[in-house]
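Chemist: Once you've had a glance at the structure underneath, I'll fire off some questions.
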Amino acid sequence: SSLLGAELTMQLGFTALLFALVPSLFAWLLSPLLINLLYGCKHDPALQEIVNRVSARAGMKPPKAMIARMGEPNAFAYSSPLFGRYVAVTEGMLQLARGEELEAVIGHELGHHKHRDNAVMLIFGLVPSVIYFLGRFLTYVGLYSSSYRYDGDGNRRGGGGLILLLAGIALMVVSVVMQLVVLALSRLREHYADAHGAKVASPDAMIAALEGLDSFYSRYKAARAKIDSSKLKMLFIYALADPFVEELFATHPPVAKRIAFLRALKGAPIEA
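Final position of the sequence shown in this note's numbering is 278; the numbers increase by one with none missing.
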């Protein structure tokens, strides 16, 4: 009956929400602990002074400054209600960027905290996950019940399974489209973070930092492959996206687009 179908859909929807929400919630709550362990992040008083100075310029409370034991230059912001807010700069980044360039990099990461990007992307990222799991469950139920059975009068029963199967497949396709929307949102928020880095330092400093990163990863292919395969590349200030198809599935805009965006900010007040 339609009532039974509605009840089944509600149950599957709730199950899909749990499958998507529980792992994401635990990962978010424990992320600072896991990231600090994974990358050997240690608090550094000298870096903290720089973070404090840039945070004061941005008008925000400074997060805890960490150095990540990682030779590849990068930086990332992470946080949770349990462990607080952090900005990590890798050892390689400290060698590559100094002075105002380093302040721009830190300003970029502070921008992620200021815009609450971790929480925003968690919430929006749940949407395609919930839709996907709901579609997957409907597909399983549809496959199970789509085999036709005959009653005593010779009438076929169980044809509703085909509808569930098609609905499940359609939802999984929709989840892919929604994931592309979430990735586009992630790329947009990288532009906002770049603007914040330019605001607290300067557009030229932010551009120079990005150019330095791009030059490094263009020269060292092994480092490029390591960043591209990282589970945390969504958090990094530098992640890869060049051809159009690659960009469509990327968390970050191509560096050329980021630099063009920053150049357009020159000579005008920056809102970020």
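Ideal Cβ placement from N, Cα and C applies to all residues, glycine included.
1. With three or more C-beta pairs closer than 8 Å as the rule, is the segment 108-126 touching the segment 71-85?
2. I'd like to know whether the C-beta atoms of E196 and I265 end up nearer to each other than 9 Å.
3. Is DSSP giving G90 helix, strand or coil here?
4. Considering only residues of the same chain and omitting the five flanking positions on each side of E109, which have a CB-CB separation below 6 Å?
5. Which of helix, strand or coil does DSSP assign to F255?
6. On a CA-only basis, which of D123, G77, V187 is nearest Y226? Give me that one, please.
7. Under 7 Å Cβ to Cβ from L2, same chain only, skipping five residues before and after it: list those, please.
8. Just reading off the alpha helix (DSSP H) that I276 is part of, what are its end residues?
9. Please tell me whether V136 and A22 are closer than 9 Å, where the distance is taken between their beta carbons.
10. Can you tell me the Cα-Cα spacing of L168 and S181, whole angstroms?
11. What's the C-alpha gap between P260 and E253?
12. Checking 9 Å against the spacing of the C-beta atoms, do A300 and L53 come in under that value?
13. Using three-state DSSP, classify H202 as helix, strand or coil.
14. Would you call Y156 buried or exposed, if buried means 16 or more other Cβ atoms sit within 10 Å of its Cβ?
15. Looking at C-alpha atoms only, which residue of A245, N58, Y138, K239 is the closest neighbour of L27?
16. Assuming I233 is part of the alpha helix (DSSP H), what are its boundary residues?
17. What's the call for M75, buried or exposed, on a 16-neighbour Cβ count within 10 Å?
18. Which partner residues does H49 have in the DSSP bridge list?
19. On the DSSP letters alone, give me the boundaries of the alpha helix (DSSP H) that R142 sits inside.
20. Let me know the secondary structure DSSP gives A83 once reduced to three states.
21. Does the Cβ of G46 have 16 or more other Cβ atoms within 10 Å, making it buried, or fewer, making it exposed?
22. Assign F255 to buried or exposed, taking buried as 16 or more other Cβ atoms, counted over all protein chains shown, within 10 Å of its Cβ.
23. Do the CB positions of L191 and S30 come within less than 9 Å of each other?
24. Out of H121, P87, L102, P51, point me to the one whose CA is closest to F32's CA.
25. Which residue's Cα is closest to the Cα of S224: A103, D210, P134, Y244?
26. Run the CB neighbour count on H202, radius 10 Å, all protein chains shown included, and call it buried at 16 or more, exposed below.
27. For the alpha helix (DSSP H) that contains M99, what are its first and last residues?
28. Give a yes or no on whether the C-beta atoms belonging to V57 and P69 are separated by under 9 Å.
Modeler: In this structure, then:
1. yes
2. For the purposes of this step, residue 196 is taken as the residue at position 190 of the sequence shown. For the purposes of this step, residue 265 is taken as the residue at position 259 of the sequence shown. No.
3. The residue given as residue 90 occupies position 84 in the sequence shown. The three-state secondary structure of G90, taken from DSSP, is strand.
4. One-based indexing of the sequence shown puts residue 109 at position 103. Result list for E109: V60, A207, in chain order.
5. Residue 255 sits at position 249 when you count from the first residue of the sequence shown. Three-state result, F255: coil.
6. Locating residue 226 in the sequence shown gives position 220, counting from the first residue. Among D123, G77, V187, the Cα nearest to that of Y226 is on G77.
7. With the chain represented from 7 up to 278, any question about residue 2 goes unanswered, as that position is not in the structure.
8. Looking up residue 276 in the sequence shown gives position 270. Looking at the DSSP string, I276 is not in any alpha helix (DSSP H), and its letter there is neither H nor E.
9. Taking the sequence shown and counting its residues from 1, one reaches residue 136 at position 130. Taking the sequence shown and counting its residues from 1, one reaches residue 22 at position 16. If you check the CB distance, V136 and A22 come in under 9 Å.
10. By 1-based counting over the sequence shown, the position of residue 168 is 162. By 1-based counting over the sequence shown, the position of residue 181 is 175. Taking the straight line from one Cα to the other gives about 20 Å.
11. Working through the sequence shown from its first residue, we reach residue 260 at position 254. Working through the sequence shown from its first residue, we reach residue 253 at position 247. Across the structure, P260 and E253 are spaced so that their CA atoms are roughly 7 Å apart.
12. No information on residue 300 is available, as it lies outside the stretch 7 to 278 that the chain covers here.
13. Along the sequence shown, read from residue 1 onward, the residue named residue 202 stands at position 196. It is helical.
14. Translated into the one-based positions of the sequence shown, residue 156 becomes position 150. Caution is warranted here: a pLDDT of 48 is assigned to Y156, below 50, making its placement in the model unreliable, and no coordinate value can be reported.
15. Residue mapping note: residue 27 aligns to position 21 of the sequence shown, counting from 1. Cα-wise, what sits closest to L27 is Y138.
16. Here residue 233 refers to the residue found at position 227 when the sequence shown is read from its first residue. Segment 227-234, the alpha helix (DSSP H) holding I233.
17. Here the question's residue 75 lines up with position 69 in the sequence shown. Checking the displayed sequence, the identity of residue 75 turns out to be Arg instead of Met. Exposed, by the Cβ-count rule.
18. As a first step, residue 49 must be located in the sequence shown, where it is residue number 43. In DSSP, H49 forms a bridge with M72.
19. The residue labelled residue 142 in the question sits at position 136 within the sequence shown. It spans 123-151 - the alpha helix (DSSP H) in which R142 sits, taken as one unbroken run.
20. If you number the sequence shown from 1, residue 83 lands on position 77. The answer is strand: DSSP assigns A83 an E or B state.
21. In the sequence shown, the residue the question calls residue 46 occupies position 40. With fewer than 16 other Cβ atoms within 10 Å, it is exposed.
22. Your numbering for residue 255 matches position 249 in the sequence shown. The residue in question, F255, is exposed, as its Cβ has fewer than 16 Cβ neighbours within 10 Å.
23. Position 185 of the sequence shown, counted from the first residue, corresponds to residue 191. Position 24 of the sequence shown, counted from the first residue, corresponds to residue 30. No, these two residues do not count as a Cβ contact at 9 Å.
24. As a position in the sequence shown, residue 32 is number 26, starting the count at 1. Nearest C-alpha to F32: P87.
25. Position 218 of the sequence shown holds residue 224. Measuring from the Cα of S224, the nearest candidate turns out to be Y244.
26. By one-based count along the sequence shown, residue 202 stands at place 196. Buried, because 16 or more other Cβ atoms sit within 10 Å of the Cβ of H202.
27. Start at 1 with the first residue of the sequence shown, and residue 99 comes out as number 93. Start and end: 97-102.
28. What you label residue 57 is simply residue 51 of the sequence shown in a count that begins at 1. What you label residue 69 is simply residue 63 of the sequence shown in a count that begins at 1. Yes, the pair counts as a contact, with Cβ atoms nearer than the cut-off.
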